[in-house]
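A.B. asks: Residue 9 in the numbering used here sits at position 19 of the sequence shown, with consecutive numbering throughout.
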Amino acid sequence: MDNSAARPAKPAVVGVFRPDIEGLRAVAVLSVMLYHYTLGPFHGGFVGVDIFFVISGYVIAQSLAARNTGHFLSDFLAFCERRIRRLLPALIPVIVVVYIGGYLLYLDTGFEALSRNVRALGLAATNWSLLGQTGYFDAPAAANPVLHTWSLSVEAQYYFVAPLLFYAAARRFKAAPAAVSLWLAITSFIVATILILGGRNDDAFFNSIARFWEIAIGAIFATSPHLQITRPGWSTAARVAGLALIGVAVFGFSDTTPFPGPAALLPVAGAVLIVASNPRNTDPFWSLLSAKSARYLGRLSYSLYLWHWPILVLTLTLFPGWSLLPLGTSLALSIFLAVGSYHLIESPVGRWKLTQRHVFIAAGLISATLLGVGHVGVALKGIPQRLPADVRLALSGKTDIGRGLANCLPENWRLFGTTEGQARTSPCLLGDANRPPSFLLFGDSHSGALIAEFDALARVSGRTGLGIGYPSCAPIVTLRNKSTNHPGCEWLNQTVVGYLRSHPEIATVVLAARWETYTESGFYEAAASDGRMSFVEGLEQTLAEVSGDHREIWVLGQVPSHPVLVPESLAVDTMVGRPLAAWATTATDHNRSTKFVTRTFRDLEAIGMVRFLDLAVPLCSTDQCLVHVDGRPLYSDTNHLSNFGGTILAPLLDSAIRPINPL
């Protein structure tokens, strides 16, 4: 269909070839790599993507304007063909290497997450997939080798949306592409600002609609000759200002800078000033950007962007820590692969004489392959069967939790005199269900982690008990947990106290929690000077309220916490042949971190208010605390014991509930 009657006058195109733009690409990729390879001093390096977006919008608008024949469908398909030829050939080898590397090196959850992102890449939707998983600045992002493909997905979505908007606006409103780009930029920027002001930084970062404005601004300056800065002195000043603004963003932004949104105006404005400078007005700064080395690095920028991040992630997987030799090797390998990719893949494939039909068929097959392969990894939960038996044993700790919770039935809620609808947790009958309960295990998730072992011990000793483990709620009646907005703590503590008052047959109460956490002032309504006084006062009040005639109260000291996820870290140690658990917390560190609460419990024990069991004693018999037995983890995460871990403490726990005169 001929749309010539509907289309606006063909816009002028400025600067079909811009050597300084190639140099600007080099600035962009260097800022990205500076951030990734230092990950600390230069948090603003991520602004390189904003520069890429501006350049992409500029170049794409040029391409659309220069090849506008008036037949929208054919023009659109030709544009898509050029984008496919430009982007896909260099991307495919990267994804193949990443997927093979992930298959060999990643654990179950890591490979499942990688598969999910590869599947999303098949639909050019990685940014939306990542938005549901992690933020760009979150710790898990450092282990995601395809994190950087989010920007390619944003661009691909823009490639599809922008031409359709240009066409629709031209037919309906006779609007020029520059006007449509301006409308799109304003709308997108408003969305980004609203998200940032609402504290939704991750959404603003990955959301395509919130990033389109950066690409659209580049398009505006590509199709608007009157916006060019033509006077030589002004062009020089614009380039200087542009490089200065980019430098301020790269070296001045921190991990606390709300980004993107309004903060992104700085690097975007810097890139725009350089793009808008007349390339015919040369000066030392134009020469710097147009130098052969800068232009060559600019041509490598796409391949270098693709390769550097997954190589860095896979290197850090094998060699944790930011030591110089692995990082230097990673950088050298990234440059080597980028050079090879540019000369052996990007350039030759761009000259292949393929028909448009063949290009689209190839793209469809690649997309289907990514979708299929990625879906297999997701459906099979990361394919744990591929891992050696000793690695699977280490990972078993993640799911070795909750045994014995089958007795947490809704009808047990009646024991607390409340309805199922009011109940915020379910008390569990432990031991012999045919006997009335005679002990109570109560606390936060650390008591819940011990329910399985208390259940087993109660069965052996012929006792029956109740177990309640409510996350982030210590058994302290003054606890309000304002720090986590957890409203159930006050209700639960008062309910348990009321139950104990009306059930004197409960002869033993065992309290367990990650105690040190609750010495922070934010957990209390009106905390004292540092929270510790509130902790002690609240604990003493709790003990006074739950005490009864001949009732024993035991307090379990908290188990050691570790700096990493225990099952996953043991599995990685096993895979790479490192000594197991060299990272485990030491007894010295644990004793130092729990010194205050341990002293508090021993003081209370000295005056007869409680009996104290230090669970760290059997776990830290040597200086390095125990986290596994023959490769089988004692923890399900960093600080909760697994069911197997509970068995290590059996003799100690048994002393708290073993009846003096068993029947």
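For each residue, glycine too, the CB sits at the ideal point set by N, CA and C. Note that the structure is a prediction, hence the values are computed from the model and not measured.
If I'm right that Gly547 touches Ala606 with Cβ under 8 Å, what's the distance once you round it to whole angstroms?
C.D. replies: The Cβ separation is near 6 Å, so the contact holds.
A.B. asks: Taking 8 Å as the threshold, find out whether the region 454 to 469 comes into contact with the region 421 to 433 through three or more Cβ pairs.
C.D. replies: Touching, per the Cβ criterion.
A.B. asks: Excluding sequence positions up to five away, which residues of its chain have a Cβ less than 7 Å from the Cβ of Arg376?
C.D. replies: Tyr93.
A.B. asks: Assign Pro(-2) to one of three DSSP states: helix, strand, or coil.
C.D. replies: The predicted position of Pro(-2) is uncertain, since its pLDDT is 39 and thus under 50; no value can be drawn from it.
A.B. asks: Could you work out which residue in Val500, Thr564 and Leu279 is closest to Asp10 when comparing CA atoms only?
C.D. replies: The option with the nearest alpha carbon to Asp10 is Leu279.
A.B. asks: Out of Thr637, Asp613 and Ala442, which has the shortest C-alpha to C-alpha gap to Asn581?
C.D. replies: Of the candidates Thr637, Asp613 and Ala442, the one whose C-alpha sits nearest the C-alpha of Asn581 is Asp613.
A.B. asks: For the candidate residues Ala369, Gly421 and Pro465, whose alpha-carbon lies nearest to that of Arg449?
C.D. replies: Ranking the options by Cα distance to Arg449, first place goes to Gly421.
A.B. asks: Per DSSP, which residues does Ala502 bridge with? Please list them.
C.D. replies: In the DSSP output, where bridge partners are listed per residue, Ala502 has Gly433 and Leu546.
A.B. asks: Assuming Ala617 and Val556 make a contact with CB atoms under 8 Å, what is their CB distance in whole Å?
C.D. replies: Here the sequence assigns Val to residue 617, which means Ala is not the residue at that position. With a Cβ gap of about 5 Å, Val617 and Val556 count as contacting.
A.B. asks: Using the beta-carbon count (16 or more within 10 Å), is His216 buried or exposed?
C.D. replies: It counts as exposed.
A.B. asks: Taking the runs of the alpha helix (DSSP H) that are 4 residues or longer, which of them lie wholly in the region 133 to 220?
C.D. replies: Within the region 133 to 220, the complete alpha helix (DSSP H) runs of at least 4 residues are 140 to 163, 167 to 187, 191 to 196 and 198 to 212.
A.B. asks: How would you write the range of the alpha helix (DSSP H) that Phe602 sits in, first residue to last?
C.D. replies: That residue, Phe602, is in no alpha helix (DSSP H); its beta strand (DSSP E) goes Arg601 to Leu603.
A.B. asks: Rounded to the nearest angstrom, what separates His630 and His348 at their Cα positions?
C.D. replies: Roughly 56 Å between the two C-alpha positions.
A.B. asks: Does DSSP put Arg229 in a helix, in a strand, or in coil?
C.D. replies: If DSSP states are grouped into helix, strand and coil, Arg229 belongs with the helices.
A.B. asks: Rounded to whole angstroms, what's the CA-CA distance from Pro641 to Leu609? Just pull it up for me.
C.D. replies: The straight-line gap from Cα to Cα measures roughly 12 Å.
A.B. asks: What residues in its chain sit with their C-beta under 7 Å from that of Ser119, if we drop five residues either side in the sequence?
C.D. replies: Excluding positions up to five away in sequence, the list reads Arg106, Asn107 and Ala110.
A.B. asks: Given a cut-off of 8 Å, decide if Ile205 and Ser53 are closer than it, judged by their beta-carbon atoms.
C.D. replies: Against a cut-off of 8 Å, the Cβ pair of Ile205 and Ser53 comes out as no contact.
A.B. asks: Where does Asp106 fall in DSSP's three states?
C.D. replies: The sequence shown places Arg at residue 106, rather than the Asp named in the question. The answer is helix: DSSP assigns Arg106 an H, G or I state.
A.B. asks: Examine the Cβ distances between the region 432 to 445 and the region 485 to 505 and report whether three or more of them are shorter than 8 Å.
C.D. replies: Touching, per the Cβ criterion.
A.B. asks: My understanding is that Leu294 touches Ala261, with C-beta atoms under 8 Å, so please give their C-beta distance in whole angstroms.
C.D. replies: 18 Å between Cβ atoms; not a contact.
A.B. asks: On the DSSP letters alone, give me the boundaries of the alpha helix (DSSP H) that Thr116 sits inside.
C.D. replies: First-last of the alpha helix (DSSP H) with Thr116: Thr116 to Leu121.
A.B. asks: Distance, Cα to Cα, Leu431 vs Leu370?
C.D. replies: Spanning the two alpha carbons is a distance of roughly 38 Å.
A.B. asks: Would you tell me roughly how many angstroms separate the C-alpha atoms of Met23 and Leu302, rounded to the nearest one?
C.D. replies: The straight-line gap from Cα to Cα measures roughly 10 Å.
A.B. asks: How long is the line joining the alpha carbons of Asp644 and Leu447, rounded to whole angstroms?
C.D. replies: Roughly 6 Å separates the two Cα atoms.
A.B. asks: So what's Val587 in DSSP terms, helix, strand or just coil?
C.D. replies: Val587 falls in the helix class under three-state DSSP.
A.B. asks: What does Ile458 pair with, by DSSP beta-bridge criteria?
C.D. replies: DSSP, once it has assigned bridges, lists Phe432 as partnering Ile458.
A.B. asks: List in chain order: all unbroken alpha helix (DSSP H) runs of 4+ residues lying wholly within the region 274 to 304.
C.D. replies: If we require 4 residues or more, the alpha helix (DSSP H) runs fully inside the region 274 to 304 come out as 274 to 280.
A.B. asks: Which full runs of the alpha helix (DSSP H) of 4+ residues lie inside the region 38 to 102, going along the chain?
C.D. replies: Listed in chain order, they are 38 to 56 and 62 to 95.
A.B. asks: On the CB-based measure, 16 or more other CB atoms within 10 Å of its CB, does Phe202 come out buried or exposed?
C.D. replies: The residue is buried, with at least 16 neighbouring Cβ atoms inside 10 Å.
A.B. asks: If you pair each beta-carbon of the region 318 to 325 with each one of the region 148 to 163, do three or more pairs fall below 8 Å?
C.D. replies: These segments do not touch.
A.B. asks: Report the option in Tyr157, Leu95, Ser143 and Glu145 whose CA atom is closest to the CA atom of Ala133.
C.D. replies: Selected option, being the one with the closest Cα: Leu95.
A.B. asks: When the Cα atoms are used, what is the spatial distance from Tyr149 to Thr564?
C.D. replies: When rounded, the distance between both Cα atoms is 45 Å.
A.B. asks: Give me the Cβ distance between Leu256 and Leu235, rounded to the nearest whole Å; I'm assuming they're in contact under 8 Å.
C.D. replies: Yes, they are in contact, since the Cβ atoms of Leu256 and Leu235 sit about 5 Å apart, within 8 Å.
A.B. asks: Let me know the secondary structure DSSP gives Glu410 once reduced to three states.
C.D. replies: Residue confidence is low: Glu410 scores 48 on pLDDT, short of 50, so the model does not pin down where it sits. No coordinate-derived value is stated.
A.B. asks: Given Leu185, which residues of its chain have a CB within under 8 Å of its CB, disregarding the five upstream and five downstream residues?
C.D. replies: Within the same chain, Leu185 has close Cβ partners Asn191, Asp193, Ala194, Asn197, Ala200 and Gly251.
A.B. asks: Quick one: what does DSSP say Ser267 is sitting in, helix, strand or coil?
C.D. replies: Ser267: strand per DSSP, three-state reduction.
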